[in-house]
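S.K.: There's a structure below that I have some questions on.
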Amino acid sequence: MADLNLNRRKFIQSTSAVLTLSALQTNGLAFTNPSKNLRVGLIGAGWYGKSDLFRLMQVRDIDVAAICDVDNNHLQEAGKLISERQVSRKIPALYTDYRKMLAEHKFDLVLIGTPDHWHARQAIDTMRAGAHIYLQKPVSIDVLEGEAILQTARKLNKKVQVGTQRRSTPHLLDAKQRVIDQGLLGKIAQVEMCCYYHMRQNGNPPLQPVPDFLDYEMWSGPAPLRPYDGLPHGGWWRTFMEYGNGITGDMGMHMFDAVRWLLQLKWPTKISASGGIFVQKEGKSNIPDTQTAIFEYPDLNCVWQMRSWGTAADTEYPWAFIIYGEKGTLKGSVMKYEFIPIGKGERIAMDVVYEKEEFPEDLKEPRIELHTAPATRQHMRNLLSAIEKDHLPVADIEEGHISTSSCILANLSMLLKRPLVYDPIKKICIDDPEATRHLRRPYRAPWQHPYTI
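Right, here's the structure in full:
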């Protein structure tokens with residue numbers, strides 16, 4: 042078959058696309074217009090929190106009843122933008138403390154788009170308040186936070202869709218259907234994943250007063266209170282391990298989750314990693330600039346590499362996965378995929394799907410990731426279906442927890458300089474008491490860690 046380089050219109054017309062769209066509908070991703078008007082809240086009204094909410098508003102009429110952000114500028118801007126998109130034109134109630142918002146409103150669904158160090162505490166508090174959740178990844182920054190979210194979701198029967206939207210990405214769904222599910226790769230024994238983006242902020246900003254519009258104490262929450270050296274928004278917070286899991290836990294988690302979904306993998310049997318700050322030593326950043334991790338399965342190694350300096354190994358796939366089989370190779374990214382067979386087999390390829398014709402408002406939204414918008418919309422439809430029909434969403438919290446915690450364990454392996462074997466039943470690192478102690482980070486008072494033994 043000739044190479045497929047498809048735009049949206051051609052995609053819909055192709056036979057394989059019809060099958061893919063049919064699969065999306067079967068899994069609750071079709072457009073619906075149920076009579077119940079969902080009451081929705083948003084915690085974290087910055088760039089990505091608003092973006093997720095706007096994708097939800099594109100596929101379902103909802104009542105955005107309230108939003109929360111510790112930055113009053115974010116809050117006011119988000120309130121105005123939401124009112125312009127709401128059918129009611131109503132400005133949602135505005136809060137700077139999510140606990141007060143949850144106490145004063147009854148939500149069906151809450152979107153959480155705060156920095157990573159807040160995800161577990163806010164997710165659990167939200168479920169206890171009675172709402173289902175769309176939770177941005179990673180779900181946690183320690184392993185037992187993730188266990189606590191999973192336990193709470195199952196106990197309360199709350200649906201949690203994690204923002205690992207590769208599982209809802211049209212061209213990757215096509216790759217799964219046409220390549221993986223058809224067995225075109227044959228025996229698979231090696232996977233490579235990578236990110237070579239120069240995304241590690243490494244400045245040396247001076248200390249400064251906290252601006253009046255930001256509640257920095259609440260922004261830090263359970264994390265250490267770093268001396269204030271400028272607004273943490275825009276990625277500055279991601280450069281510190283106090284608030285996240287580094288590039289491995291951010292970008293690597295996406296690709297590892299995609300590979301696990303494609304190959305139906307669960308917990309790795311062993312995780313090892315090495316790396317550190319090898320090049321970019323001049324700034325305040327304390328996340329690694331170089332890292333290699335190996336997630337081991339029986340007869341299969343999934344190898345992750347990241348560098349925030351230098352050039353990509355393959356400039357066509359700077360953030361990607363490559364699945365090696367005995368019959369061919371599958372390369373995938375957020376922008377495309379291609380199957381390269383060994384011998385005389387047919388090459389299969391497909392580019393990212395855009396929905397500019399169906400959703401022209403995308404073109405007017407500042408900072409929107411156009412290539413991700415269709416996947417996020419499909420992710421939202423799937424979550425709505427899970428809530429209404431009582432099934433697990435495609436990126437259920439258990440899957441998000443495995444992908445998140447595997448990357449956290451890779452960071453821990455790098456720190457301790459030894460491989461780790463995690464037992465998800467006993468919640469320990471086998472034969473490693475020191476590593477087990479690291480599965481739960483200390484919380485800054487008065488916040489309490491959600492996992493209790």
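For the sequence shown, counting from 1, position 228 maps to 269 in the numbering used here; every step adds exactly one. Note that beta-carbon positions come from the ideal geometry of N, C-alpha and C, so glycine has one too.
(1) Any chance you could list the beta strand (DSSP E) runs of at least 3 consecutive residues sitting entirely within the stretch 293-377, in chain order?
(2) Helix, strand or coil for Phe281? Go by DSSP, reduced to three states.
(3) So, for Asn113: in the same chain, excluding its five sequence neighbours on each side, which residues have a beta-carbon less than 6 Å away from its beta-carbon?
(4) Quick one: grab the DSSP three-state call for His432.
(5) Return helix, strand or coil for Pro401, following the three-state DSSP convention.
(6) Below 8 Å on the Cβ atoms is my contact criterion, and I expect Thr445 with Val180 to pass it. Report the Cβ-Cβ distance as a whole number of Å.
(7) Looking at Leu213: is its Cβ nearer than 8 Å to the Cβ of Gly373?
(8) Return the CA-CA distance between Gln346 and Ser124, expressed in angstroms with no decimal places.
(9) How would you label Glu379, buried or exposed, when you count the other beta carbons within 10 angstroms and need 16 or more for buried?
(10) For Asp102, tell me which candidate among Tyr139, Cys109, Thr310 and Val128 has the shortest Cα-Cα distance.
(11) The ligand MN and Ala134: does any heavy atom of the ligand fall closer than 7 Å to the residue's C-beta?
(12) Distance, Cα to Cα, His479 vs Thr289?
(13) What residues in its chain sit with their C-beta under 7 Å from that of Arg241, if we drop five residues either side in the sequence?
(14) Out of Pro211, Arg207 and Gly187, state which residue places its alpha-carbon closest to the alpha-carbon of Val201.
(15) Using a Cβ-Cβ cut-off of 7 Å (strictly less than) and excluding sequence neighbours within five positions of Ala194, which residues of its own chain qualify?
(16) Under the rule that 16 or more other beta-carbon atoms within 10 Å means buried, what is Phe495, buried or exposed?
(17) What separation, rounded to the nearest whole angstrom, lies between the Cα atoms of Leu62 and Ser209?
(18) Does the pairing of the stretch 154-163 with the stretch 87-103 give three or more beta-carbon distances under 8 Å?
(19) With respect to the beta strand (DSSP E) encompassing Arg126, which residues constitute its N-terminal and C-terminal limits?
(20) For Val184 versus Leu450, is the C-beta distance shorter than 8 Å?
(21) Hey, Gly82 and Ala106: beta-carbon distance below 8 Å or not?
(22) Taking three-plus beta-carbon pairs below 8 Å as touching, is the stretch 263-270 in contact with the stretch 305-324?
(23) Is the distance from the Cβ of Gly316 to the Cβ of Gln332 below 8 Å?
(24) In or out: Phe72 buried (at least 16 other Cβ within 10 Å) or exposed?
(25) Give the DSSP-derived three-state secondary structure of Gly275 in the structure shown.
(26) From Ile383, Met292 and Gly262, pick the residue whose C-alpha is nearest to that of Ala528; which is it?
(27) What does Phe380 pair with, by DSSP beta-bridge criteria?
(28) Would you mind reading off the limits of the alpha helix (DSSP H) that contains Met240?
(29) Per DSSP, which residues does Ile84 bridge with? Please list them.
(30) Do you know offhand how far His412's Cα is from Gly87's?
(31) Starting from His173, follow the alpha helix (DSSP H) in both directions and report where the run begins and ends.
(32) Could you check how far apart the C-beta atoms of Ile383 and Arg219 are, in whole angstroms? I think they sit under 8 Å.
(33) If you compare alpha carbons, which of Gly369, Met421 and His490 is closest to Gln223?
(34) Grab the span of the alpha helix (DSSP H) containing Ala230 for me, first residue to last.
(35) Please report the distance separating the alpha-carbon of Met391 from that of Lys397.
(36) Express the C-alpha separation of Tyr284 and Arg96 in angstroms, rounding to a whole number.
M.R.: Let me spell this out:
(1) 311-317, 331-338, 341-348, 360-366 and 369-374
(2) Within the sequence shown, numbered from 1, the residue matching residue 281 stands at position 240. Here Phe281 sits in coil by DSSP.
(3) For the purposes of this step, residue 113 is taken as residue 72 along the sequence shown, with counting starting at 1. Excluding residues within five positions, the ones whose Cβ falls inside 6 Å are Phe254.
(4) The residue labelled residue 432 in the question sits at position 391 within the sequence shown. The answer is coil: DSSP assigns His432 none of H, G, I, E or B.
(5) Taking the sequence shown and counting its residues from 1, the one referred to as residue 401 is at position 360. Pro401: helix per DSSP, three-state reduction.
(6) Translated into positions along the sequence shown, residue 445 becomes position 404. Translated into positions along the sequence shown, residue 180 becomes position 139. Contact holds; Cβ gap of about 5 Å.
(7) Position 172 of the sequence shown, counted from the start, is the residue given in the question as residue 213. Position 332 of the sequence shown, counted from the start, is the residue given in the question as residue 373. Yes, the Cβ-Cβ distance between Leu213 and Gly373 is below 8 Å.
(8) Walking along the sequence shown from the start, residue 346 turns up at place 305. Walking along the sequence shown from the start, residue 124 turns up at place 83. Those two C-alpha atoms are separated by around 43 Å.
(9) Translated into the one-based positions of the sequence shown, residue 379 becomes position 338. Result: buried.
(10) Within the sequence shown, numbered from 1, the residue matching residue 102 stands at position 61. Among Tyr139, Cys109, Thr310 and Val128, the Cα nearest to that of Asp102 belongs to Val128.
(11) Inclusion of the ligand MN in the displayed structure is not the case, the ligand content being empty and no account of it being possible.
(12) For this step, residue 479 is matched to residue 438 along the sequence shown. For this step, residue 289 is matched to residue 248 along the sequence shown. Rounded to the nearest angstrom, the two C-alpha atoms are 17 Å apart.
(13) Along the sequence shown, one-based indexing puts residue 241 at 200. Same-chain partners within the cutoff: Thr280, Ile288, Gln321, Ser326, Ile328, Asp330 and Ser349.
(14) The sequence position of residue 201 within the sequence shown is 160, counting from 1. Checked all of Pro211, Arg207 and Gly187; the closest Cα to Val201 is Gly187.
(15) Counting from 1 along the sequence shown, the entry for residue 194 is found at position 153. Same-chain partners within the cutoff: Met168, Val201 and Ile438.
(16) Residue coverage of the chain in this structure runs from 42 to 494, which leaves residue 495 outside it and unanswerable.
(17) What you label residue 62 is simply residue 21 of the sequence shown in a count that begins at 1. What you label residue 209 is simply residue 168 of the sequence shown in a count that begins at 1. A caution first: Leu62 carries a pLDDT of 45, below 50, which makes its placement in the model unreliable, though a value can still be read off. Going from the Cα of Leu62 to the Cα of Ser209 covers about 11 Å.
(18) yes
(19) On the sequence shown, residue 126 is found 85 positions in, with the first residue counted as 1. Not the beta strand (DSSP E): Arg126 falls in the alpha helix (DSSP H), residues Asn113 to Arg126.
(20) Your numbering for residue 184 matches position 143 in the sequence shown. Your numbering for residue 450 matches position 409 in the sequence shown. Yes, these two residues count as a Cβ contact at 8 Å.
(21) Translated into positions along the sequence shown, residue 82 becomes position 41. Translated into positions along the sequence shown, residue 106 becomes position 65. In contact: Gly82 and Ala106 (Cβ atoms closer than 8 Å).
(22) no
(23) For this step, residue 316 is matched to residue 275 along the sequence shown. For this step, residue 332 is matched to residue 291 along the sequence shown. In this structure, Gln332 lies closer than 8 Å to Gly316 by Cβ.
(24) Locating residue 72 in the sequence shown gives position 31, counting from the first residue. With a pLDDT of 39 at Phe72, under the threshold of 50, the modelled position of this residue cannot be trusted, and the question is left open.
(25) Taking the sequence shown and counting its residues from 1, the one referred to as residue 275 is at position 234. In this structure, Gly275 counts as helix in the three-state DSSP scheme.
(26) Any answer about residue 528 is impossible in this case: the structure gives the chain only from 42 up to 494.
(27) Here the question's residue 380 lines up with position 339 in the sequence shown. For Phe380, which the question treats as bridged, DSSP gives the partners Leu371 and Ile389.
(28) Sequence index remark: in the sequence shown, residue 240 carries index 199 (1-based). Where Met240 is concerned, there is no enclosing alpha helix (DSSP H), given that its DSSP letter is neither H nor E.
(29) Indexing the sequence shown from 1 puts residue 84 at position 43. Cys109 and Ile153, per the DSSP bridge assignment.
(30) Indexing the sequence shown from 1 puts residue 412 at position 371. Indexing the sequence shown from 1 puts residue 87 at position 46. Each residue's alpha carbon lies about 19 Å from the other.
(31) In the sequence shown, the residue the question calls residue 173 occupies position 132. No alpha helix (DSSP H) holds His173; the beta strand (DSSP E) holding it covers His173 to Leu176.
(32) Taking the first residue of the sequence shown as position 1, residue 383 is located at position 342. Taking the first residue of the sequence shown as position 1, residue 219 is located at position 178. The pair is not a contact, with the Cβ atoms about 17 Å apart (cut-off 8 Å).
(33) The sequence position of residue 223 within the sequence shown is 182, counting from 1. It is Gly369.
(34) Numbered from its first residue, the sequence shown carries residue 230 at position 189. From DSSP, Ala230 is part of no alpha helix (DSSP H) but of the beta strand (DSSP E) over Ile229 to Cys236.
(35) Here residue 391 corresponds to residue number 350 of the sequence shown, with the count starting at 1. Here residue 397 corresponds to residue number 356 of the sequence shown, with the count starting at 1. Their backbone Cα atoms lie some 18 Å apart in a straight line.
(36) Here residue 96 is taken as the residue at index 55 of the sequence shown, counted from 1. Here residue 284 is taken as the residue at index 243 of the sequence shown, counted from 1. For Arg96 and Tyr284, the distance between alpha carbons rounds to 26 Å.
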